[in-house]
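Chains as they are written, first to last, in our numbering: chain A, 4 to 249; chain B, 4 to 249.
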C-alpha cells in the first residue's frame, strides 16, 4: 500500500533532497533511513522534486510503498521518531497506487525570503537572503512579468535535464511581511534553479541596479546572461505542492 | 583608548559567551581572536554579562582597550572581517576609560521567543521554543508579577555567584507578534538562568498547567522547587543593554 507524506525541513544541514552515492547527508537518505526503521525494509521515498543544497521545505510531498499496514497517524509518529529534528513529517495519509508525488504534481509554490538591513544579520543568515534596501513595489511589478505560459530557458542553470522549458506560472508577487520581503511564485513546475534566478533578477530590480525590461527581454530571448544572479539557497522554501483531486 | 562594541550573534554554535579553558568555541574566544587580528595583540573583551550556551544576542555590549587608534567605522569593519558569519559587530564607538560594559550597565532587556504549533517545526527549532498552544493574555497578566523591586532567589539556578538576589524589574510583557509569542523583560540585572526560569513558569501558566499564584508564592518565599522549569536556551535573546549618559 502507498503512503503520501508531507515534510518540513531545514535544508541548512543537507546536501539537497536527492540521495547521492558518497554523499550520505541528503534529506532523501535521512527520510529513507527513518522509513526503513519503521518498515524494517529499505524502500525508495519519491518526492515531488529535488530541492537543492541548503533549500528549505515547508510542504514537500513524497510517497513510498509499504507491505506493512499502519494507521496514518501511527506511521507519521513512527517516522518522526526516527527522523533527525531538522526534518519532520507533518501529514501522512494512505493513497491509491495511482498517486505519484512527482508525476501527479500539478502546481508548486515557492517562497523566497529576504530581509532588508544595513549589515548582514547573524540570526537571519541561514533563513533569509540579505538584500540591503529594496523597492518592494518595483519588485512586485516586475514579478508579474513571470505570470502566464512562459519559456523559462533564460531562467535555468545548465545541467537541467527537462525536455521542454515552457511552464505555466499562475501567480507571482513580492510583499513586505513582518520585517521580511517575500517573493511568492506558483507554477506548473520549475526548471533547475529557476526560482533563485527569478529572485536574483528581482533583487537587482529592487536595488535599482536593473530595469524590469531586462526580465522581459530574458523571457523573450532565453538568454541567461541577461539575468546572471542566482539568489542564495538559504532564502528558498518549497511552500507546497498541489495535486488534482483523484 | 577604549572601544565599545555592540554585537549580534547566533548562540546556536557556541558554548556561551565566557571564554573557557579546553572549550575554544565560545563567543568571547571568537571575538577576542578577531580583535587580536586587528590589533596584532591579544586583549580581553569584556561583555555586559555572560550569555549561556545556545543563547542569542541582538545587542550584547562589550568593551576592549587598544593601543592602536582606528576610526570607529574602520574598527567595526576590520573586526567583522575576521569574525565568523554568525557573530557581527553592528556598532562601534570610542568611549572614555570610565566606561565598563559590565559594571556600567544599568538596564538589560531580554526577549524570550516561543511559537505555537501542534508539532515541533524544524525551521523554528533553533530560534524559538515550541509551546503547543498557550493563553497569551494569562501569560501577560502573570508576567506583571515580576515587575518591581523583587527578590529573585526562587528564580535562579544554583551556581549563581551574585551577592544579593534582589533586582528591580522595570517592565515585563507577553505579546503575540507575527506568529510568535514573545516574553519581554527589562531589569537592573538578572541572576543565573532567571529569564529562562521566568519563561518556564509563564509557559506553564499559559498552558493552563499552573496558576499564576504559584509565581507570586515563588517570589515571596524564594523556593525554586515551585518553578522547576527552565525554558530552552534557543528561545532567549539578549535584546539590549542600557547605560546612563556619561
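For every residue, glycine included, the Cβ atom is placed at its ideal position computed from N, Cα and C.
Check                                                                                                                 : Outcome
Partner residues on chain B for residue 91/A, Cβ-Cβ distance less than 8 Å                                            : 122, 123, 124 and 125
CB contact below 8 Å: residue 18/A versus chain B                                                                     : no
Any chain A beta carbon closer than 8 Å to residue 128/B                                                              : yes
Pairwise C-alpha distance: residue 79/A and residue 133/B                                                             : 19 Å
Residues near residue 38/A by beta carbon distance below 7 Å, same chain, minus five either side                      : 46, 48, 67 and 82
When 173/A, 6/A, 167/A and 240/A are compared against residue 125/B, the one with the closest alpha-carbon            : 240/A
Residue nearest to residue 41/A in terms of C-alpha spacing, selected from 162/A, 222/A and 72/A                      : 72/A
Residue nearest to residue 164/B in terms of C-alpha spacing, selected from 215/B, 194/B and 7/B                      : 194/B
Distance CB(residue 218/B)-CB(residue 204/B) smaller than 8 Å                                                         : yes
Residue ranges of each alpha helix (DSSP H) within the region 181-222 of chain B, 4 or longer                         : 197-209
Supposed close pair residue 90/B, residue 169/B - CB separation, criterion 8 Å                                        : About 33 Å separates the two Cβ atoms, so there is no contact after all.
Members of the region 180-205 of chain A that neighbour chain B once the beta carbon cut-off is set at 7 Å            : 181
Cα-Cα separation between residue 157/B and residue 181/B, rounded to whole angstroms                                  : 32 Å
Residues that residue 174/A bridges to, as DSSP identifies them                                                       : 189/A
Buried/exposed call for residue 111/B, threshold 16 Cβ in 10 Å                                                        : buried
Beta-ladder partner(s) of residue 117/A, from DSSP                                                                    : 132/A and 184/A
DSSP state of residue 83/B mapped onto helix, strand, coil                                                            : helix
Anticipated Cβ contact below 8 Å, residue 96/B with residue 75/B, distance rounded                                    : 5 Å
Separation of residue 144/B from residue 229/A, as counted between CA atoms                                           : 57 Å
Beta-carbon proximity of residue 188/A to residue 117/A, cut-off 8 Å                                                  : no
Within-8 Å CB hit, residue 55/A to chain B                                                                            : no
Listed by chain order, chain A residues near residue 114/B by CB distance under 8 Å                                   : Within chain A, no residue comes near residue 114/B; the closest Cβ sits about 11 Å away, beyond 8 Å.
First through last residue of the beta strand (DSSP E) which encompasses residue 11/B                                 : 5-12
For residue 30/A, three-class secondary structure by DSSP                                                             : helix
Sequence-distant residues of the same chain with beta carbon closer than 8 Å to residue 104/A, five excluded per side : 7, 49, 50, 51, 64, 65, 66 and 244
Given residue 92/A as reference, the closest of 23/A, 5/A, 12/A and 24/A once Cα atoms are compared                   : 12/A
Where residue 190/B falls, given that 16 or more other Cβ within 10 Å makes a residue buried                          : buried
Terminal residues of the alpha helix (DSSP H) in which residue 144/A lies                                             : 139-146
Within chain A, partners of residue 12/B - CB distance below 7 Å                                                      : 125
Cβ-based neighbour list, residue 198/B, same chain, cut-off 7 Å, excluding 5 preceding and 5 following                : 113, 115, 188 and 239
Residue 243/B, DSSP secondary structure in three states                                                               : strand
Beta carbon proximity, residue 35/B to chain A, threshold 8 Å                                                         : no
Alpha-carbon to alpha-carbon, residue 5/B and residue 231/B                                                           : 42 Å
Interface flag, residue 84/B vs chain A, CB-CB below 8 Å                                                              : no
Assigned secondary structure, residue 94/B (DSSP; H/G/I helix, E/B strand, else coil)                                 : strand
Proximal chain B residues relative to residue 88/A, where beta-carbon distance stays under 8 Å                        : 123, 125 and 128
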